[in-house]
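One gets our numbering by counting positions in the sequence shown from 1 and adding 1251 to each.
Worksheet: one structure, shown below.
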Amino acid sequence: MLGYRSTMCSRQHTQACLNTSLSIRQEIQRFESVHPSIYALYDLVELVPDPLLAQQIRDHVVAIEGNAFGYV
């Protein structure tokens, strides 16, 4: 019986690791698909002539980036 229990725990651990790996790969894919657009926003902000407005937009982009990727 102990052997069966050890095998089940090992299988559960393996499945948990596979689920975690899949989640990490999906998050990397999401990050890679969105991040070019975020960089483009930073480039566009540099074209805003009003420094106060540019900073406000930049702050919003930083907040979006932080919320989207768990940096905040």
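Glycine included, each C-beta is placed from N, C-alpha and C at the ideal position.
Test item: CB-CB of residue i and residue j under 9 Å
i               : j            : result
valine 1313     : alanine 1305 : no
isoleucine 1308 : valine 1296  : yes
Close Cβ partners of residue i (< 6 Å) along its chain, the five nearest in sequence each way excluded
i               : result
valine 1285     : none
isoleucine 1289 : Glu1316
Cβ neighbours of residue i in the same chain (closer than 8 Å, five flanking residues each side left out)
i              : result
glutamine 1277 : none
### Whole runs of the beta strand (DSSP E) within the stretch 1272–1313, excluding any shorter than 3 residues
none
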